Amino acid sequence: MTFPPNPTAASAVIGDRLRLVSGPGLSALLKGLTMPVIVAAFATYLLVGILTMRVPAATDFPGPQFFPAIVAAGLYAFAALLAVSAIREIRALPQDYEEDLLAAENDDDAPAGRSVRVDVRSLAWVVGSFVGFALVLQVLGWVISASLLFWCVARGFGSDKPVNSLLVGLTMSSLAYIGFSMVLGLPLPSGILGGI
């Protein structure tokens, strides 16, 4: 089974045979590069935050920039892998792909499949949740903001259990807060919970 480069579209139709509706060319390339660009943009946002972070001169290794730098590097590597995969998939398509696709859609004997497009609503949930997370992090704090981020991304990927998603998000964000703040000594924003 071959999945399209856009995981938000694939999440809605897991288990079905998929085929892209556009052939090779600019539109297929743009579809394939959507997620790598978003991931690279988020990594760049992290990198700017790392480079502009005020770190006291007496800070010991690893310091507050170390772990975010690892995350940013991982995101850049992931974006590069997604881009290479998308380009390989597009290059592997035959030259007469559009004609074959149209013929298959008009042929009643062709194997059943479902055409998929970029799921704009899912993409908006994922991208919007990251933007919202960045805007409310200082006010709401890490635990609440990261929980809401997890819930929104899960909803964007088709989760139909909102309470479970929120509980998992709350658990994971709390564990991350404990790990960074108490174990590593790298405080995350506590927001409104800091005054309780």
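In the UniProt record's numbering, the protein residues as written are 1 to 196.
Every residue gets a Cβ at the ideal spot worked out from N, C-alpha and C, and that includes glycine.
Quick caveat: nothing in here was measured; it's all calculated off a predicted structure.
Original post:
Can you tell me the Cα-Cα spacing of Pro36 and Val143, whole angstroms?
Top reply: 27 Å
Original post:
Is Leu193 near Gly169, with beta carbons less than 9 Å apart?
Top reply: no
Original post:
Residue range of the alpha helix (DSSP H) that Ala154 falls in?
Top reply: Trp142 to Gly156
Original post:
Under 9 Å, do Val153 and Val126 count as touching if we go by C-beta distance?
Top reply: yes
Subject >> Where the alpha helix (DSSP H) containing Phe61 begins and where it ends >> reply: First-last for Phe61: undefined, no H or E at that position.
Subject >> Length of the line joining the Cα atoms of Ile50 and Leu188 >> reply: 14 Å
Subject >> Cβ separation of Ala79 and Val39, assumed to be a contact under 8 Å, to the nearest whole Å >> reply: 4 Å
**OP:** Assuming Ser147 and Leu166 form a contact by the criterion Cβ under 8 Å, report the distance between their Cβ atoms to the nearest whole angstrom.
**Re:** 6 Å
**OP:** Report the three-state DSSP secondary structure of Ser159 (helix, strand or coil).
**Re:** coil
**OP:** Have a look at Asp60, Pro68, Pro62 and Phe61 and flag the residue whose alpha-carbon is nearest the alpha-carbon of Thr52.
**Re:** Pro68
Original post:
Do Leu140 and Gly191 come within 9 Å of each other at the CB atom, strictly closer than that value?
Top reply: yes
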